[in-house]
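So that you can map any letter, position 18 of the sequence shown is 226 in the numbering used here, and since no number is skipped, the others follow by simple counting.
Read the structure below first, then the notes.
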Amino acid sequence: MEFDLVAYESFREMIDLRDLYVEALEVYNSAVDEVKVKNFTSFFENIYPHIFARDTTKGSFYETQFDHMKLFAMELVIYTVAIFMKFEHYKVIEQFIKYHYFVTSRTEGEVHGNIGIFQFYPEAIVNYTKRQKEWISPIGEIIIQRATHPGYDASALIQADLLIYMLMYFYDIVDDYKVWYPDTYPYIRPDKIPFLRRLRQKSHFEEVKSLFGVKDSEEMKQKVIGFIQYTKENFRHNGRSGISGLSYLEPEEINKY
């Protein structure tokens, strides 16, 4: 069996573990009066070394042998934000994204930085998907295909993925080497980002403006304009510039209705 197929199958077999994680988070978010973000930042710091765990009895190893764990960690980050969005825990989302993570791995030593340290390029899995079809974003396609858990459809994941990227800009924690790029970007459409589209609604804007760190709609409009320009200048994926779906974020309509 070819190695990239092994990596892909290993990741595919982790879907039950992902669903257990989602269900545990739902129970926790429903049961507690106050969500402690430290529980989640510590969880991700603790799993980082396991992303690169290997059999020490064997001499050689390949970086791509960790690909299933890399993509699994990325998927868990997206689901975590999607769950917090569902329960409207906006302050927790802010803390989760702003947190400065300190982790270690067998291959990299000490690593620290924003949530972007949990985004990887699982080369073997990407190569496998390219043999099936030349997707614009192979990783995004896999995430969408695996959107099988009730309550978290493709829209929930696309929206969470984009929100992480967007908030990193809003919080001014963008790092050239640790940026969260939304791999699901080819699938952004108006019906896939209702949370962001509803920023046009006055009541919704008032509820979520603190998440974006703005005091009023004028500040939000200027931030969105800057974000769209930043994306045009900095986002590169498969030779494409910018994220076409950001045209659905209309600054002039924020807080209008």
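Note that the Cβ used here is the ideal one computed from N, Cα and C, for glycine as well.
It should be emphasised that the depicted structure is a prediction, and the values quoted were computed from it without experimental measurement.
For this session: Reducing DSSP to helix, strand and coil, say where K318 ends up.
Result: Residue numbering aside, residue 318 sits at position 110 when the sequence shown is read from its first letter. Sequence inspection shows Glu at residue 318; the Lys mentioned does not correspond to that position. Look at E318 here: in three-state DSSP terms it is strand.
Exercise. Just to confirm, are Y216 and Y329 a CB contact at a threshold of 8 Å?
Worked result: Stepping through the sequence shown from its first residue, residue 216 is reached at position 8. Stepping through the sequence shown from its first residue, residue 329 is reached at position 121. The Cβ atoms of Y216 and Y329 lie no closer than 8 Å to each other.
Problem set entry | Reduced DSSP secondary structure (H/G/I, E/B, other) of Y379 | Within the sequence shown, numbered from 1, the residue matching residue 379 stands at position 171. Under the three-state reduction of DSSP output, Y379 falls in the coil class, being neither helix nor strand.
For this session: Use the C-beta contact count for L371: other C-beta atoms within 10 angstroms, 16 or more gives buried, fewer gives exposed.
Result: Working through the sequence shown from its first residue, we reach residue 371 at position 163. Taking a 10 Å sphere around the C-beta of L371, we find 16 or more other C-beta atoms and assign the residue as buried.
Problem set entry | Touch test, the region 415–434 against the region 457–464, Cβ-Cβ under 8 Å, three pairs minimum | Contact between the region 415–434 and the region 457–464 is present: 3 or more CB-CB pairs across the two stretches fall below 8 Å.
For this session: Going by CA-CA distance only, name the one from Y256, K294, E253, I401 that's closest to G359.
Result: Position 151 of the sequence shown, counting from 1, holds the residue named residue 359. Out of Y256, K294, E253, I401, K294 has the C-alpha closest to the C-alpha of G359.
Exercise. Hey, how far is the Cα of L233 from the Cα of S411?
Worked result: Mapped onto the sequence shown, residue 233 falls at position 25. Mapped onto the sequence shown, residue 411 falls at position 203. Taking the straight line joining both Cα atoms gives about 28 Å.
Exercise. Closest to D369 by CA distance: which of V416, V334, E283, F443 is it?
Worked result: Translated into positions along the sequence shown, residue 369 becomes position 161. Ranking the options by Cα distance to D369, first place goes to E283.
Exercise. Taking the alpha-carbon positions, what's the K299 to S418 distance?
Worked result: Locating residue 299 in the sequence shown gives position 91, counting from the first residue. Locating residue 418 in the sequence shown gives position 210, counting from the first residue. C-alpha separation (whole angstroms): 8 Å.
Problem set entry | Cβ neighbours of V382 in the same chain (closer than 7 Å, five flanking residues each side left out) | Within the sequence shown, the letter at position 174 stands for residue 382. The answer, listed in chain order, is M376.
Exercise. Cα separation between Y373 and W388?
Worked result: Position 165 of the sequence shown, counting from 1, holds the residue named residue 373. Position 180 of the sequence shown, counting from 1, holds the residue named residue 388. Our two residues, Y373 and W388, have alpha carbons roughly 5 Å apart in a direct line.
For this session: Would you identify the three-state DSSP class for T392, choosing helix, strand or coil?
Result: As a position in the sequence shown, residue 392 is number 184, starting the count at 1. T392 falls in the coil class under three-state DSSP.
For this session: Report the residue ranges of all alpha helix (DSSP H) runs contained in full by the region 226–288; include only those spanning at least 4 residues, in chain order.
Result: For the region 226–288, whole alpha helix (DSSP H) runs of length 4 or above, ordered along the chain, are 245–259.
Exercise. What did DSSP end up calling Y465 once you bin it into helix, strand or coil?
Worked result: Reading the sequence shown from its first residue, position 257 is the one you call residue 465. Coil.
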